[in-house]
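Going by my numbering, the letters in the sequence shown line up with residues 12 to 96, in that order. Heads up, the thing below is written out as structure tokens.
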Amino acid sequence: MKYNSQRFIMDREQLNALNAEGCPACGGKFTLGEPVVLACGAWEGGPKVIHDNEAVFDRRNQSYVERKCYAARMASTPVNTGVSP
12 MKYNSQRFIM DREQLNALNA EGCPACGGKF TLGEPVVLAC GAWEGGPKVI HDNEAVFDRR
72 NQSYVERKCY AARMASTPVN TGVSP
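Okay, here's the thing in structure tokens:
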């Protein structure tokens with residue numbers, strides 16, 4: 012059962028395909044029936060499937076991002092206070 016194209020429930024076929032590598036965000040294995048997301052992160056290449064709790068939904072980009080990558084991105088982004096210099 013899929014929630015949307017970026018968030019879904021791990022099924023047997025995906026489990027068999029992805030568990031050899033594991034979750035790129037935490038290194039853990041996936042389990043059947045757990046929620047996962049397709050997210051960008053610090054790894055090379057495009058988005059990968061990671062555990063739902065390892066991701067943050069970035070409303071600005073309408074996509075999931077690995078928590079650590081998102082935190083680093085937010086720390087390096089200047090805050091707009093609305094006050095002109």
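Here a beta-carbon is modelled for each residue, glycine too, at the ideal position from N, C-alpha and C. Being a predicted model, the structure only gives us computed values, none of them experimental.
- Counting only residues of its own chain and dropping the five nearest sequence neighbours on each side, residue 59 has a CB closer than 6 Å to the CB of 35.
- Distance check between residue 51 and each of 43, 39, 66 places 66 closest, using alpha-carbon atoms only.
- If you draw a straight line from the Cα of residue 43 to the Cα of residue 23, it comes to about 6 Å.
- Judged by DSSP in its simplified three-state form, residue 65 adopts helix.
- Beta bridge pairing from DSSP links residue 51 with 76.
- Residue pairing by DSSP leaves residue 58 without any beta bridge partner.
- Exposure of residue 85 is indicated by the presence of fewer than 16 other C-beta atoms within 10 angstroms of its C-beta.
- Going by beta carbons, residue 47 and residue 75 fall outside the 7 Å limit.
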